[in-house]
Amino acid sequence: MIEQIASPPIERVGRLSHQVNAVLIIALRDVLKFVRDRPRLLSTFIFPFIFILVLGGTFDASLGQAMGYSYITFVFTGVLAQTTFESTVIGMIYLLEDRENDFSQEMFVSPISRYAIIGGKIAGEAGVAFLQGFVILIFGWLIGVSLTWMQVLLILPVLLISSLFGGGLGLLMLSNFSSRRAATQIFPFFILPQYFLAGVFTPLIGVSEYLRWASYIAPMRYPVDLLRGIFYAGLPEREQVVILEPLANLGLIAVFFVIFLVAGTIIFVRKETNR
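The sequence shown begins at 24 in the working numbering and counts up by one.
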């Protein structure tokens, strides 16, 4: 009798442990794929370094003097958030590659929760994006961006939040594509305008009214503004570069993340079930 009463809780714990292990294994698989993919490694780091050094460094003297603060630091903070967000969005494209290779179908017929599969994919790509952000953070310090230990400790969680947020959006978008080719053709038209609407290279304060309203629908804007809100906290230039308070950005990111995650998971699971 005692064994029968104790058995269900033990079974539930066992099932939960099994699902957690599945999430970790899928996440680790994606991180290892990234580390072994040399072309992706190079492209991932080359573009952020070019943006920071070439764009930020070239216009630092002229624009920095006109703005009253370091332009290369402004670009660095924008590119740091943009890279972690965009990396996870684009990284979720491997869901389509797995679908084309029937890997995801094999996982869906295995004794693993579909939500664990989705969670593992997002966790894996978020881990990849976080590693990229960490390397860019070190790069910024090497080129002379002023960083305190407190700023670094506060920025690291923001990088993780930005990465997970991008994963939620990537899942929602890719759930509506039938092939990787279609996704790669459409993604640039979705991502590139956000460089400007999110204020990655130019401050949004003082822009025209229609651009200001358009920026509200750019998901990238919120992690960029959140990171800058943390970085510029207590600095005099904060009022010139930060739009919303960090708590406001966190709240909006949380709401949008839940919407993206729930809608994307429902659509993706339904498509996989009907295959």
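We put the beta carbon where it would ideally sit given N, CA and C, even for glycine.
Between the stretch 146-155 and the stretch 234-241, can you find at least three pairs of beta-carbon atoms closer than 8 Å?
No, the stretch 234-241 does not touch the stretch 146-155.
Going by beta carbon distance, what residues of the same chain come within less than 7 Å of residue 190, once the five residues before and after it are set aside?
Within the sequence shown, numbered from 1, the residue matching residue 190 stands at position 167. Correct list, in chain order: 111, 115, 145, 148, 149.
Taking the C-alpha atoms as reference points, what is the distance between residue 288 and residue 177?
Residue 288 sits at position 265 when you count from the first residue of the sequence shown. Residue 177 sits at position 154 when you count from the first residue of the sequence shown. Approximately 30 Å between the Cα atoms of the pair.
How long is the line joining the alpha carbons of residue 224 and residue 98, rounded to whole angstroms?
Indexing the sequence shown from 1 puts residue 224 at position 201. Indexing the sequence shown from 1 puts residue 98 at position 75. Each residue's Cα considered, the two are about 5 Å apart.
Return helix, strand or coil for residue 281, following the three-state DSSP convention.
Sequence index remark: in the sequence shown, residue 281 carries index 258 (1-based). In this structure, residue 281 counts as helix in the three-state DSSP scheme.
Determine whether the beta carbon atoms of residue 286 and residue 195 lie at a separation below 8 Å.
Working through the sequence shown from its first residue, we reach residue 286 at position 263. Working through the sequence shown from its first residue, we reach residue 195 at position 172. Contact annotation: residue 286 and residue 195 have beta-carbon atoms nearer than 8 Å.
Kindly indicate which residue of 102, 50, 142 has the alpha-carbon position closest to the one of residue 78.
By one-based count along the sequence shown, residue 78 stands at place 55. Minimum Cα distance to residue 78 is reached at 102.
How would you label residue 277, buried or exposed, when you count the other beta carbons within 10 angstroms and need 16 or more for buried?
If you number the sequence shown from 1, residue 277 lands on position 254. Residue 277 comes out exposed.
Quick check on residue 162: does DSSP put it in helix, strand or coil?
Within the sequence shown, numbered from 1, the residue matching residue 162 stands at position 139. Three-state result, residue 162: helix.
What is the rounded straight-line gap between the Cα of residue 271 and the Cα of residue 45?
What you label residue 271 is simply residue 248 of the sequence shown in a count that begins at 1. What you label residue 45 is simply residue 22 of the sequence shown in a count that begins at 1. Each residue's Cα considered, the two are about 34 Å apart.
For residue 53, does the three-state DSSP call read helix, strand or coil?
As a working note, residue 53 is residue 30 in the sequence shown. In this structure, residue 53 counts as helix in the three-state DSSP scheme.
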